[in-house]
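For reference, the structure discussed in these notes is given below.
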Ligand SMILES: NC(=O)c1ccc[n+]([C@@H]2O[C@H](COP(=O)([O-])OP(=O)(O)OC[C@H]3O[C@@H](n4cnc5c(N)ncnc54)[C@H](OP(=O)(O)O)[C@@H]3O)[C@@H](O)[C@H]2O)c1
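Numbering (my numbering), first residue to last: 1 to 332.
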């Protein structure tokens with residue numbers, strides 16, 4: 001009998017995830033019933049929203065204490081009594097932090113079958129052709145970029161920001177990225193073709209940001225919030241667009257604070273929040289476009305891979321300390 005290891009939510013974190021907030025348990029895998037398939041989880045997608053799921057209700061209910069930690073992942077079917085799946089099928093969906101997941105026809109689970117593409121790694125379905133590429137795609141659609149406009153992207157060297165910035169280049173924008181290290185900034189300019197970058201950990205980053213956007217900012221692709229968003233808003237042109245993708249600087253705080261809506265008013269900005277789940281019917285259309293861009297080298301992606309289920313809690317924390325470049329994945 002095989003053993004399933006799972007990370008369950010033991011206590012709601014305060015600040016970064018502390019040892020013991022997620023507890024490793026193990027138990028036997030039960031025999032499959034009719035209508036079920038067993039999939040071995042190969043990769044876990046590590047996303048900032050997981051820290052929110054651990055703490056509070058948001059666009060999804062909080063993970064209950066004692067439940068397996070919710071996560072998106074990539075898995076391969078190893079045994080099936082499910083009419084829709086056969087052994088060898090590969091799927092993405094909410095696998096959770098565990099070695100094996102049971103796909104059950106009687107439950108409302110959302111798994112997507114993904115193809116095997118020669119010379120393409122399985123992990124693209126979690127990054128550029130998964131949550132982050134899709135989020136960047138729909139966020140940039142909301143931004144309605146025009147040729148020659150200035151786009152600023154925060155958390156620019158992350159999974160979502162790096163793709164959003166490259167879509168901005170495809171659309172003819174001047175793209176300025178904000179990131180937390182010189183190494184990240186150099187990757188954005190040299191490899192991804194960003195026009196300018198700002199290391200927000202440098203003392204004079206606000207001046208550098210203003211200098212990098214001499215004609216003002218037309219679009220803010222906002223991933224961070226807080227002081228960074230405040231400074232970007234201050235440089236926005238009249239009728240600029242703010243795509244509110246995420247506010248990561250507040251996810252580990254009790255009181256995340258609010259950006260000044262006075263600036264939004266005075267500058268007549270259009271601020272639009274969005275959640276990727278609203279776009280499910282259009283995933284195929286977006287993934288096809290992203291796949292073409294990737295194939296023709298117009299979009300490049302990068303991954304940071306951490307090995308081992310037991311390392312998953314530390315991996316979540318890496319998102320908040322800037323330990324990743326590009327998509328952060330845990331390999332099981
Ligand atoms: N709306 C949606 O449906 C949707 C879907 C997916 C993701 N998102 C949002 O998109 C954003 C990026 O997510 P991702 O998955 O692509 O993660 P990511 O950008 O790959 O990783 C997060 C990055 O954020 C930066 N960061 C963390 N704390 C920060 C702080 N206090 N100030 C400035 N930068 C900080 C870190 O890089 P540095 O080294 O640069 O600090 C870190 O690498 C998040 O806000 C997330 O919630 C939204």
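Backbone N, C-alpha and C fix where the C-beta goes; we use that ideal spot for every residue, glycine too.
Note that the structure is a prediction, hence the values are computed from the model and not measured.
Item: Going along the chain, which residues of its own chain have a beta-carbon closer than 7 Å to the beta-carbon of residue 275, five neighbours each way excluded?; Value: 59
Item: Output yes or no for whether 8 Å exceeds the beta carbon distance between residue 325 and residue 184.; Value: yes
Item: In the DSSP output, which residue or residues are listed as bridge partners for residue 267?; Value: Looking at the DSSP assignment, residue 267 forms no beta bridge with any residue, so it has no partner.
Item: Tell me the residue span of the beta strand (DSSP E) that contains residue 196.; Value: 196 to 199
Item: What separation, rounded to the nearest whole angstrom, lies between the Cα atoms of residue 192 and residue 17?; Value: 32 Å
Item: What three-state label does DSSP hand residue 310 in the structure shown?; Value: helix
Item: Are residue 82 and residue 112 touching if we call contact CB-CB under 8 Å?; Value: no
Item: Flag this pair as yes or no: are the beta carbons of residue 46 and residue 228 separated by less than 8 Å?; Value: no
Item: Please determine, among 249, 251, 241 and 235, the residue with the shortest C-alpha to C-alpha distance to residue 272.; Value: 241
Item: I'd like the list of long-range same chain contacts for residue 136, defined as Cβ closer than 7 Å, with 5 residues on each side in sequence excluded.; Value: 160, 163, 164 and 167
Item: Would you call residue 154 buried or exposed, if buried means 16 or more other Cβ atoms sit within 10 Å of its Cβ?; Value: buried
Item: Can you tell me which of the three DSSP states residue 273 falls into?; Value: strand
Item: Residue 70 and residue 309: beta carbons closer than 8 Å?; Value: no
Item: Does the structure place the region 193 to 200 close enough to the region 171 to 179 that three or more beta carbon pairs sit under 8 Å?; Value: yes
Item: Determine the direct distance from the alpha carbon of residue 182 to that of residue 99, and round the result to whole angstroms.; Value: 36 Å
Item: Could you spell out the range, first to last residue, of the alpha helix (DSSP H) harbouring residue 67?; Value: Careful: residue 67 lies outside any alpha helix (DSSP H) and carries neither H nor E.
Item: In terms of DSSP beta bridges, what is residue 60 paired with?; Value: Beta-bridge pairing links residue 60 to no other residue.
Item: Using DSSP bridges, identify the partner residues of residue 281.; Value: DSSP, once it has assigned bridges, lists no residue as partnering residue 281.
Item: Let me check one thing: in DSSP terms, what residues is residue 331 bridge-paired to?; Value: 43 and 307
Item: Is there contact between the region 287 to 294 and the region 120 to 138, where contact requires at least three CB pairs shorter than 8 Å?; Value: yes
Item: Give the range of the beta strand (DSSP E) segment to which residue 217 is assigned.; Value: 217 to 222
Item: CA-CA distance, residue 106 and residue 34?; Value: 10 Å
Item: Quick one: give me the first and last residue of the beta strand (DSSP E) that residue 79 is part of.; Value: 73 to 80
Item: Using C-beta distances below 6 Å, list every residue in its chain close to residue 11, excluding the 5 sequence neighbours before and after it, in chain order.; Value: 21
Item: Look at the alpha carbon of residue 97 and the alpha carbon of residue 48, and state the distance between them as a whole number of angstroms.; Value: 15 Å
Item: What are the start and end residues of each continuous alpha helix (DSSP H) run of 4 or more residues lying completely inside the region 116 to 157, in chain order?; Value: 131 to 143
Item: Would you tell me roughly how many angstroms separate the C-alpha atoms of residue 29 and residue 305, rounded to the nearest one?; Value: 27 Å
Item: Would you mind reading off the limits of the beta strand (DSSP E) that contains residue 176?; Value: 174 to 179
Item: For the beta strand (DSSP E) holding residue 246, just list the boundary residues, first then last.; Value: Element bounds for residue 246: n/a, residue is neither H nor E.
Item: In whole angstroms, give me the CA-to-CA distance for residue 407 and residue 212.; Value: The structure shown has nothing for residue 407, since the chain only spans 1 to 332.
Item: For residue 75, which of 219, 133 and 88 has the nearest alpha-carbon?; Value: 88
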